[in-house]
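Here is the structure we will look at, set down as structure tokens.
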Amino acid sequence: MKTSPKTVSLLIVAGLGVGLCTPNARALPAFSRKYQTSCVTCHEAFPRLNSVGESFRLNGFRFVDDESYIKDEPVSMGAEAYKRLFPKAIWPSDIPGLPPISMRALMDYNIDAGGKADPSNSFDIPHEVEFLAGGAFGNNVSFYAELEYEPGEGEWGAGAWITLHRVLSTLGGPENLLNVRVGNLGMDSFGLLTTRDYQRYTKEHYLFANYRIPGSANRWRLRDDQPGAEIFGFGRHWLYTAGVVEGDGKNAEKDFYGQLSYKIGGRGFDGSSPTNEGEGQVTPTSSTGGETYLMLSAFGYRGWGAVAGGQDAFWRAAFGALFAWGDLRVDGLYLFGTNDDPYGVGAGSVDSDAWMAQVSYFLFPWMVPNVRYESVSYDMGATTSDQGRVVVGVKMLPRANVAVSLEGLIYTQNDFTAEVSDANLVSIRVDFAF
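All residue numbers for the sequence shown refer to the numbering used here, where the first residue is 86 and numbers rise by one.
Structure below.
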């Protein structure tokens with residue numbers, strides 16, 4: 086697949102003109118303490134959010150009519166009268182009463198069940214430990230921070246962002262049209278709202294979010310966080326984002342991206358109920374909300390990565406859809422792109438594309454069987470190489486804040502073995518947060 090630079094530029098500019106975003110927060114039981122409510126108020130099966138959780142996050146970790154639901158009163162940081170004195174006084178705000186800190190741990194047991202790898206089994210305990218914090222400073226500022234450690238890799242990671250919400254509303258403009266975020270971006274933004282890697286039901290990452298050109302020094306992946314800044318806005322049916330990030334930090338170029346999503350039916354992104362556009366309602370009828378809706382999403386990314394003898398200019402574009410009907414979820418996507426020079430020294434371009442389809446069903450509120458097929462293909466001119474695999478499993482919630490996943494991974498095709506996992510895998514994951 087060959088695309089002219091002019092066509093690519095128009096595609097990316099159009100994507101940035103209408104992009105989409107959601108914050109990067111994950112399962113935060115600190116909010117359960119603040120509101121004294123169950124995790125299923127905001128989550129279908131954590132960390133995946135339901136429609137109530139989506140609007141809560143977009144609104145800066147606040148519900149519609151938030152003051153009616155808070156059980157842990159915030160600490161005031163200045164009197165309301167200071168607003169009348171501004172700019173001769175600091176604008177008043179507040180901070181959470183209880184420390185807004187949560188902890189999450191993931192533990193795995195893996196069995197390599199053949200394929201091109203030697204059979205083996207191993208405990209990966211803990212696979213990852215995360216310390217998370219998130220909340221609101223008053224009505225117009227939200228924050229998020231995390232510190233994580235992966236013992237198997239011996240690696241620490243940290244990230245944080247802060248967001249100014251409803252920028253135009255203070256000037257009498259539309260309330261949610263413009264919000265500004267600065268910090269570590271990604272996860273939600275670098276992909277599709279309909280299929281976000283960190284909100285998957287499975288232990289196994291989505292293949293489309295993790296792939297890169299085999300053998301290339303350009304290591305960009307869809308699910309990476311990067312420092313940068315972005316703007317986003319939303320209404321009942323629509324969401325957009327546009328942002329600029331550091332990229333690989335090895336050249337002067339900055340990467341940029343955009344996303345757009347549109348939702349037909351169900352609860353609005355702004356928190357409005359499925360039946361009344363102006364009405365807000367916190368508690369759903371179930372963790373899935375019993376909703377029926379169709380969500381469409383599009384995404385574009387343009388970036389540069391350092392390679393031998395220069396840099397690799399690349400782009401990605403993706404389109405996806407999610408259909409929810411009560412307890413049923415069906416979603417899929419198609420992603421394609423080009424790397425102009427992934428191997429350096431003028432070795433030539435590589436086109437790639439990926440697609441995925443998956444079905445999930447809430448057999449019970451605490452049990453979610455799921456299956457997906459995913460594929461990625463690399464076109465290097467004289468040769469074409471592919472990966473394809475099936476992931477099937479069940480996610481269970483013995484408690485609202487404890488998840489257990491049992492799943493199998495089977496490769497149907499895997500032409501690259503040097504850089505990617507090539508083992509058929511059976512695994513158990515225990516994931517808990519408090």
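Quick reminder that beta carbons are idealized off the backbone N, C-alpha and C, glycines included.
CB-CB under 7 angstroms to Asn195, same chain, minus the five flanking residues each way: which ones, in chain order?
The residues are Asn206, Ser207, Asp209, Leu510 and Ser512.
Return the chain-ordered list of same chain residues with a C-beta closer than 6 angstroms to the C-beta of Leu217, the five sequence neighbours on each side being excluded.
Leu113, Ser187 and Glu231
C-beta contact flag for Val453 and Ala130 at 9 angstroms:
yes
Buried or exposed by the 16-neighbour rule on C-beta atoms within 10 Å, applied to Ala409
buried
Beta strand (DSSP E) containing Leu217: first to last residue?
Ser205 to Phe222
Where Asn269 falls: helix, strand or coil (DSSP):
strand
For Ala391, I'd like the list of residues in its chain whose CB is within less than 8 angstroms of its CB, leaving aside the five on either flank, ordered along the chain.
So the qualifying residues of the chain are Ala302, Asn303, Asp333, Lys335, Asn336 and Asp397.
Can you tell me the Cα-Cα spacing of Ala432 and Gly422, whole angstroms?
17 angstroms
For Leu170, the first and last residue of its enclosing alpha helix (DSSP H)
Tyr167 to Leu170 is the extent of the alpha helix (DSSP H) around Leu170.
Measuring alpha carbon to alpha carbon, tell me which residue in Asp416, Met481 and Arg457 is nearest Gly493.
Arg457
Contained beta strand (DSSP E) runs [length at least 3] in the segment 416-481, N- to C-terminal order
435-446 and 452-464
Counting along the chain, where does the beta strand (DSSP E) carrying Val489 start and finish?
Val487 to Asn499
DSSP has Val511 in a bridge; who is on the other side?
Ile196 and Gly493
May I ask you to report which of helix, strand or coil DSSP gives Gly343?
Reduced to three states, the DSSP call for Gly343 is strand.
Whole angstroms are fine: how far does the CA of Val226 sit from the CA of Ile180?
10 angstroms
Contact set for Tyr378: own chain, Cβ-Cβ below 7 angstroms, skip 5 residues either direction
Lys348, Ile349, Gly350, Gly351 and Ala409
Which residues does DSSP list as the beta-bridge partners of Leu413?
Trp410 and Tyr446
Around the Cβ of Leu170, are there at least 16 other Cβ atoms within 10 angstroms (buried) or fewer (exposed)?
Result: exposed.
What whole-angstrom Cβ distance do Asn261 and Thr248 have, given they're in contact under 8 angstroms?
Between Thr248 and Asn261 the Cβ distance is about 12 angstroms, and since that is not below 8 angstroms, they are no contact.
Run of the beta strand (DSSP E) containing Glu289, from where it starts to where it stops:
Here Glu289 belongs to no beta strand (DSSP E), and DSSP marks it neither H nor E.
Any idea what DSSP makes of Gln366, helix, strand or coil?
Unreliable placement is indicated for Gln366, whose pLDDT of 46 sits below 50; the coordinate value is still reported in the next sentence. Gln366: coil per DSSP, three-state reduction.
Among Cys124, Arg118 and Ala115, which has the Cα closest to the Cα of Leu482?
Residue Cys124 holds the alpha-carbon nearest to the alpha-carbon of Leu482 among Cys124, Arg118 and Ala115.
Taking the C-alpha atoms as reference points, what is the distance between Tyr463 and His290?
19 angstroms
On the criterion of 16 or more Cβ atoms from any shown chain inside 10 Å, does Gln498 qualify as buried, or is it exposed?
exposed
Between Ser140 and Asp425, which are expected to be in contact by the criterion C-beta below 8 angstroms, what is the C-beta distance as a whole number of angstroms?
With 8 angstroms as the limit, Ser140 and Asp425 do not qualify as a contact, their Cβ atoms being about 40 angstroms apart.
Applying the criterion that 16 or more other CB atoms from any shown protein chain within 10 Å of the CB defines a buried residue, is Val476 buried or exposed?
buried
Pull up the distance between the alpha-carbon of Asn269 and that of Ala245, whole angstroms please.
Taken atom to atom, the span from the alpha-carbon of Asn269 to that of Ala245 is near 6 angstroms.
Same chain only: Cβ atoms within 6 angstroms of Ser254, ignoring 5 sequence neighbours per side
Excluding the 5 residues flanking it on each side, Ser254 has same chain C-beta neighbours closer than 6 angstroms at Glu260, in chain order.
Can you give the Cα-Cα distance for Met380 and Ala174, rounded to whole angstroms?
Cα to Cα, the separation comes out at about 44 angstroms.
Considering just the uninterrupted stretch of the beta strand (DSSP E) at Gly318, what are its terminal residues?
Gln311 to Phe319
Is Tyr296 near Lys480, with beta carbons less than 9 angstroms apart?
no
Ser89: buried (16+ other C-beta within 10 angstroms of its C-beta) or exposed?
In this predicted model, Ser89 has a pLDDT of only 42, less than 50, meaning its place in the structure is not dependable; the value taken from the coordinates is given anyway. Within a 10 Å sphere around the beta-carbon of Ser89 sit fewer than 16 other beta-carbons, which makes this residue exposed.
What residue range is occupied by the uninterrupted alpha helix (DSSP H) comprising Phe141?
Ser136 to Leu143
Below 9 angstroms between beta carbons: does that hold for Ser445 and Leu491?
no
Residues of its chain near Gly395, where Cβ-Cβ distance is below 7 angstroms and the 5 sequence neighbours each way are ignored
Here the set comprises Asp426 and Gly429.
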